[in-house]
Amino acid sequence: MSPKTKSAYTVPKLKDFSTNALHKALIEAKLAFSEELLNANSDAAWKVFRDRWMARKNGVLTQINDLWLKTAPKENKREAGQLVNELKQFVEQEISRARGFVDGGAAELAVGLERLDITLPGDRRALGAEHPVIKTMNEIVGVFRNLGYSVEEGPEIETDYYNFEALNFPPNHPARDTQDTLFIANQEAKPLRERLLLRTHTSPVQIRSMEKMKPPVRVVCPGKVHRNDAPDATHSPIFHQVEGLAVDTNITFCDLKGTLDHAMKALFGSSVKTRFYPSFFPFTEPSADVQISCIFCGGKGYRDGGPCRNCKASGWIELLGCGMVDPNVYGFVDYDAKRVSGFAFGMGVERIAILKYGVDDIQLFFNGDVRFLEQFG
Ligand code: DAH
């Protein structure tokens, strides 16, 4: 249908502002616009067409604004507004698209289309890459998934109970100190165990998992943790951990050693050795730090004719904490400490990523410099 056989579109006054009536009016306006756009096939016709719809003074869009939006009753204003905006966007987008063909003297759309050189290379969109920390975290989780562990998550804003008390931290443990923990303000009116803080480790998810399920439990808990540390090359107030927990009957320290030795070999290569060094955590007894043989000097302690800087010439690199779950912890989750036993471990994701990728500054993970990040694509 051409405008010759049909009179030009005039903006109707609306009496009915119901959803249906508004939509009908919108569709009619879009139809009329599209028809007129197709017929604007000379420079002169194009200018008339564009002014007819876009002119501030009395252009069709302005009329629609006046006749539909301003006169709409209060209860229909919102909907009428959305509709008028939709039409405006539609008209503006189509006009700017068509202008691409019309400007430069080529009046007709068809001519414009013929000038489109489809042999030109397209605009390449840079592909995003997985962030190295998330990539490493997924890799760690994958190793334990293959061993039959399931994945559990917990909140980053925790209570003192889950972050400390149920993990057997005594009330005056130095880790509760504001030196390390970021507390949420104005919590003093609450009892200590209900006070909120940013979790300092993923260990509270151990408690939440044991509250949720009966043994046997095998879970890994990846996530973000927070500490009141000033940022430098090896510290960041926000970092990530992967926690692990296995509870069943007859789980022994041998199971812990075998599991973590396997995990370290899966992450760093089969020639890596592990060593368990006595340590202390309130929620495990006994506790250990796991060290792996230095992946830079092959555990020799020297490299390129000098001492290895990565392991301070010791041949070992300390990587994670672990231990047998302290029976006191079972008391908090109603497990029978006489019947069950288990182990737990926790590792820092950035630390592992730093070693795997040879990164020398933890801040690089958080600065958002694409030149660094795109190397992991
Ligand atoms: N939560 C400890 C930390 O952030 C790490 C850790 C040590 C987790 C021993 C454990 C564990 O589950 O058994 O320093």
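The opening residue of the sequence shown carries number 1 in this note's numbering; numbering runs sequentially from there. We treat Cβ as the ideally placed atom computed from N, Cα and C, and that holds for glycine.
- Beta bridge pairing from DSSP links E243 with C221, G346.
- The continuous beta strand (DSSP E) containing E158 extends over residues 157–159.
- Apart from the 5 residues on each side of it in sequence, Q187 sits with its Cβ closer than 7 Å to the Cβ of R195, L196 in its chain, given in chain order.
- Judged by DSSP in its simplified three-state form, Y162 adopts helix.
- About 21 Å separates the beta carbons of L182 and Q206, which is beyond the 8 Å limit, so they are not a contact pair.
- Looking only at V325, C311, R78, D160, the smallest Cα-Cα distance to I292 is reached by C311.
- In this structure, V370 and V133 do not form a Cβ contact; the two beta carbons are roughly 15 Å apart against a cut-off of 8 Å.
- Just measuring C-alpha positions, the residue of M264, H201, C221, H262 sitting nearest P237 is H201.
- K214 and G301 have their C-alpha atoms some 45 Å from each other.
- A contact is defined here as three or more CB-CB pairs under 8 Å, and the stretch 335–349 meets this definition with respect to the stretch 308–326.
- Counting along the chain, the unbroken beta strand (DSSP E) around V325 starts and ends at 316–325.
- The closest heavy atom of the ligand DAH lies less than 8 Å from the beta carbon of S203.
- Straight-line measurement puts the Cα of V143 at about 30 Å from the Cα of N228.
- When secondary structure is reduced to three states using DSSP, H201 falls in the coil class, being assigned neither helix nor strand.
- Relative to the non-hydrogen atoms of the ligand DAH, the Cβ of E153 never comes closer than 8 Å to any of them.
- Around the beta carbon of F280, a 10 Å sphere encloses fewer than 16 other beta carbons of the protein chains shown; the residue is thus reported as exposed.
- For F164 and G269, the gap between their C-alpha atoms comes out near 35 Å.
- Here the stretch 120–132 makes no contact with the stretch 61–71; the two share fewer than three CB pairs at distances below 8 Å.
- By the beta-carbon neighbour count (other beta carbons within 10 angstroms, threshold 16), Q93 is exposed.
- In this structure, C322 has its CB closer than 8 Å to one or more heavy atoms of the ligand DAH.
- Within the DSSP secondary-structure output, L196 pairs in a beta bridge with T159.
- Annotation for T274: the continuous beta strand (DSSP E) segment containing it runs 274–281.
- For the pair P222 and S150, the Cα-to-Cα distance works out to about 11 Å.
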